[in-house]
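In my numbering, the protein residues as written are 4 to 134.
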């Protein structure tokens, strides 16, 4: 079977976290699939062995790195005055750490899981974008 690459995937898709879906004005994040070579690099750093030969799972760092690679933008993060806070990006298009500081910690795992799932199987976008 031929592999078909959809170039529209790089434009991204909007994802609304589960706990936001009933809100009138939900927070949403624009994600793109993570490139295969970048995902492989991430996976290589997921498990680490220390000097005593103990293996540890670095899920926090893994999910943070996945979010940095996948997030293209968001909507409905505001300051107390109601002014929208826009994310900032580096020259290479990755979201800056100072922008990620606005994102509540509880969403990192969920966003990373969606981005990684879609990166492994782009057909899953439909599952994550339907309410």
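Just so you know, even glycine gets a beta-carbon here, dropped at the ideal spot from N, CA and C. If you're wondering where the values come from, they're calculated on a predicted model, not measured in any experiment.
* Roughly how many angstroms separate the alpha carbons of residue 134 and residue 27, rounded to a whole number? -> Because the pLDDT of residue 134 is 49, which lies under 50, any placement of that residue in the model is unreliable, and the question is left without a value.
* Asked: Can you tell me the Cα-Cα spacing of residue 104 and residue 56, whole angstroms?
  -> 33 angstroms
* Distance, Cα to Cα, residue 80 vs residue 69? -> 20 angstroms
* Asked: At a cut of 8 angstroms, does the segment 13-25 reach the segment 107-116 through at least three beta carbon pairs?
  -> yes
* To do: Decide yes or no for the touch test of the segment 88-98 against the segment 43-62: beta carbon pairs closer than 8 angstroms, at least 3 of them.
  => no
* Confirm, please, whether the CB-CB distance from residue 45 to residue 59 is below 9 angstroms. => no
* **Under the three-state DSSP convention, the category residue 67 falls into** => helix
* Which residue comes first and which comes last in the alpha helix (DSSP H) that contains residue 110? -> 109-123
* **Pairwise C-alpha distance: residue 31 and residue 62** => 23 angstroms
* Given residue 29, which residues of its chain have a CB within under 7 angstroms of its CB, disregarding the five upstream and five downstream residues? -> 19, 23 and 79
* Asked: Looking at the unbroken alpha helix (DSSP H) that takes in residue 106, where does it start and where does it end?
  -> That residue, residue 106, is in no alpha helix (DSSP H); it is neither H nor E in DSSP.
* Counted within 10 angstroms of its Cβ, other Cβ atoms place residue 71 as buried (16 or more) or exposed -> buried
* Please classify residue 134: does DSSP put it in a helix, a strand, or coil? => Reliability fails at residue 134, whose pLDDT of 49 lies under 50, so the model's placement of it is uncertain and the value that follows must be treated cautiously. DSSP places residue 134 in coil when its eight states are reduced to three.
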